[in-house]
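Enquirer: Following this message is one structure expressed as structure tokens.
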Amino acid sequence: MHPPQHFIARLEDKNELNPRYIHYSFELQKPLKMDFLAGQYLSVKVSDQGLRRSYSICSSPDIRHGFEFLIDRQPGGVGCKFFDSLKFGDEIETLGPLGTFVMADDEHEKEVMLVATGSGIAPLRAMILDRLQVHHDKRKITLLWGMRHETELFWELDFQDISQEIDNFEFLPVISQPISNWPLAVGRVTQYLKEANLNEETGYYLCGSAAMITEVKSILQQRGIPNHFIHHEKFY
Ligand SMILES: Cc1cc2nc3c(=O)[nH]c(=O)nc-3n(C[C@H](O)[C@H](O)[C@H](O)COP(=O)(O)OP(=O)(O)OC[C@H]3O[C@@H](n4cnc5c(N)ncnc54)[C@H](O)[C@@H]3O)c2cc1C
Numbered sequence: 025m026h027p028p029q030h031f032i033a034r035l036e037d038k039n040e041l042n043p044r045y046i047h048y049s050f051e052l053q054k055p056l057k058m059d060f061l062a063g064q065y066l067s068v069k070v071s072d073q074g075l076r077r078s079y080s081i082c083s084s085p086d087i088r089h090g091f092e093f094l095i096d097r098q099p100g101g102v103g104c105k106f107f108d109s110l111k112f113g114d115e116i117e118t119l120g121p122l123g124t125f126v127m128a129d130d131e132h133e134k135e136v137m138l139v140a141t142g143s144g145i146a147p148l149r150a151m152i153l154d155r156l157q158v159h160h161d162k163r164k165i166t167l168l169w170g171m172r173h174e175t176e177l178f179w180e181l182d183f184q185d186i187s188q189e190i191d192n193f194e195f196l197p198v199i200s201q202p203i204s205n206w207p208l209a210v211g212r213v214t215q216y217l218k219e220a221n222l223n224e225e226t227g228y229y230l231c232g233s234a235a236m237i238t239e240v241k242s243i244l245q246q247r248g249i250p251n252h253f254i255h256h257e258k259f260y
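Here's what the structure looks like:
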């Protein structure tokens with residue numbers, strides 16, 4: 025783990041993926057490079073009074089001169105408003121890298137199952153880019169991503185492309201309330217996991233709401249998955 029430090033970064037790009045989710049790219053100004061592990065987050069100063077909010081880095085640790093965030097606008101509090109108000113060239117103050125939600129260096133995790141709901145995809149994207157494109161990890165890596173509506177999905181074409189290029193990656197988007205005729209899995213990630221064939225020697229990485237994490241953990245425990253194979257990051 026790298027010790028946390030203060031960083032100043034400048035907004036370089038902002039991509040509205042859909043009305044709810046925005047992808048931000050920042051370029052480091054001071055210091056100019058950051059070392060972090062895929063899955064870690066930064067604490068961002070979001071008000072003049074010094075209020076802070078945490079955001080997972082969604083880019084690959086291979087890129088050290090900057091970082092990317094995925095912001096869910098829906099909570100609508102001081103953090104969301106801060107990001108909404110940012111203009112190109114604005115600088116932000118961050119502290120990090122923080123957190124221990126990183127892929128275990130565990131030879132017993134023969135496979136990896138990543139489970140996200142909503143913006144919980146952010147640190148898992150960093151892990152996918154890092155494990156598959158940088159380290160060429162040969163283990164089977166499955167991404168199970170739950171969203172309410174198919175219209176909220178983003179990055180799905182990127183994940184599909186990776187799954188076509190890399191045999192050991194599988195992408196499973198699950199939609200709980202499809203608006204039209206959704207051709208893939210319908211339901212919730214919990215329902216999917218209850219019915220899935222689970223391998224005991226798999227590392228499970230869960231990211232999203234406390235409710236989802238509690239429910240998925242309990243399903244995994246009932247299915248005999250040892251606790252040390254279950255890792256999680258709770259966003260709210
Ligand atoms: C380790 C960590 C990493 C995080 N990474 C990200 C990230 O990559 N992207 C991101 O968008 N957010 C992330 N969050 C959530 C983020 O820190 C803020 O909580 C979020 O942006 C809301 O802040 P706010 O000030 O706008 O709203 P607040 O006023 O703080 O919250 C308003 C309400 O919304 C709830 N809430 C918070 N987040 C969500 C959510 N995603 N969906 C529904 N309700 C929510 C809160 O519990 C609260 O009840 C992360 C949180 C943690 C702890």
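With the working numbering applied, the sequence shown covers 25 to 260. Think of the CB as a built atom: it goes at the ideal place given N, C-alpha and C, for glycine as much as any other residue. For clarity, every value in this text was computed on a predicted model and none was experimentally measured.
1. I think residue 79 touches residue 66, with their Cβ atoms under 8 Å apart; what is that distance to the nearest whole Å?
2. By Cβ distance, which residues of its chain are closer than 6 Å to residue 138, with the 5 residues on each side in sequence left out?
3. Do residue 131 and residue 227 have their C-beta atoms within less than 8 Å of each other?
4. Given a cut-off of 8 Å on the beta-carbon distance, is the pair residue 81 and residue 64 in contact?
5. Rounded to whole angstroms, what is the Cα-Cα separation between residue 252 and residue 169?
6. May I have the straight-line CA-CA distance separating residue 234 from residue 25, to the nearest angstrom?
7. Should the segment 186–198 be regarded as contacting the segment 155–166, the criterion being three or more beta carbon pairs within less than 8 Å?
8. Would you check if there are 3 or more beta carbon pairs closer than 8 Å linking the segment 108–115 to the segment 196–206?
9. Quick check on the DSSP output: the alpha helix (DSSP H) that includes residue 102 runs from which residue to which?
10. Where does the unbroken beta strand (DSSP E) through residue 69 begin, and where does it stop?
11. Run the proximity test for residue 96: is its beta-carbon closer than 7 Å to any non-hydrogen atom belonging to ligand 1?
12. DSSP beta-bridge partners for residue 231?
13. Mark residue 124 as exposed unless 16 or more other C-beta atoms lie within 10 angstroms of its C-beta, in which case mark it buried.
14. Taking only beta-carbon atoms, is residue 106 less than 8 Å away from chain B?
15. Applying the 10 Å Cβ sphere with the 16-neighbour rule, what's the burial state of residue 27?
16. In three-state terms, what does DSSP make of residue 265?
17. Figure out for me which residue from 93, 211, 246 has the closest Cα to the Cα of residue 144.
18. From which residue to which residue does the beta strand (DSSP E) around residue 177 run?
19. According to DSSP, is residue 114 part of a helix, a strand, or is it coil?
20. Taking the Cβ atom as the reference point for each residue, do residue 90 and residue 36 lie within a distance shorter than 8 Å?
21. Inspect the beta-carbon positions of residue 85 and residue 33 and report whether they are closer than 8 Å.
Expert: Concretely, from the data shown:
1. Taking the sequence shown and counting its residues from 1, the one referred to as residue 79 is at position 55. Taking the sequence shown and counting its residues from 1, the one referred to as residue 66 is at position 42. Correct: roughly 6 Å between the Cβ atoms.
2. Within the sequence shown, the letter at position 114 stands for residue 138. The residues are 148, 167, 229.
3. Counting from 1 along the sequence shown, the entry for residue 131 is found at position 107. Counting from 1 along the sequence shown, the entry for residue 227 is found at position 203. Not a contact, by the Cβ cut-off of 8 Å.
4. On the sequence shown, residue 81 is found 57 positions in, with the first residue counted as 1. On the sequence shown, residue 64 is found 40 positions in, with the first residue counted as 1. Taking 8 Å as the Cβ cut-off, residue 81 and residue 64 qualify as a contacting pair.
5. Along the sequence shown, one-based indexing puts residue 252 at 228. Along the sequence shown, one-based indexing puts residue 169 at 145. Their backbone Cα atoms lie some 22 Å apart in a straight line.
6. Stepping through the sequence shown from its first residue, residue 234 is reached at position 210. Stepping through the sequence shown from its first residue, residue 25 is reached at position 1. Approximately 25 Å, taken between the alpha carbons.
7. yes
8. no
9. Counted from its first residue, the sequence shown places residue 102 at position 78. It spans 102–109 - the alpha helix (DSSP H) in which residue 102 sits, taken as one unbroken run.
10. As a first step, residue 69 is located in the sequence shown; it is residue number 45 there, counting from the start. 65–69 is the extent of the beta strand (DSSP E) around residue 69.
11. Locating residue 96 in the sequence shown gives position 72, where the first residue counts as 1. Yes, Cβ of residue 96 sits closer than 7 Å to a heavy atom of ligand 1.
12. The sequence position of residue 231 within the sequence shown is 207, counting from 1. DSSP lists 140, 257 as partners of residue 231.
13. One-based indexing of the sequence shown puts residue 124 at position 100. The residue is exposed, with fewer than 16 neighbouring Cβ atoms inside 10 Å.
14. Protein chains in the displayed structure number just one, and chain B is not present.
15. In the sequence shown, the residue the question calls residue 27 occupies position 3. Answer is exposed; the Cβ neighbour count stays below 16.
16. For residue 265 there is no data in the structure shown, the boundaries of the chain being 25 and 260.
17. Your numbering for residue 144 matches position 120 in the sequence shown. Ranking 93, 211, 246 by Cα distance to residue 144 puts 93 first.
18. Indexing the sequence shown from 1 puts residue 177 at position 153. No beta strand (DSSP E) holds residue 177; DSSP gives it neither H nor E.
19. Stepping through the sequence shown from its first residue, residue 114 is reached at position 90. Residue state, collapsed to three classes: coil.
20. As a first step, residue 90 must be located in the sequence shown, where it is residue number 66. As a first step, residue 36 must be located in the sequence shown, where it is residue number 12. The answer is yes: Cβ separation under 8 Å.
21. Taking the first residue of the sequence shown as 1, we reach residue 85 at position 61. Taking the first residue of the sequence shown as 1, we reach residue 33 at position 9. It is not a contact, given that the beta carbons lie outside the stated cut-off.
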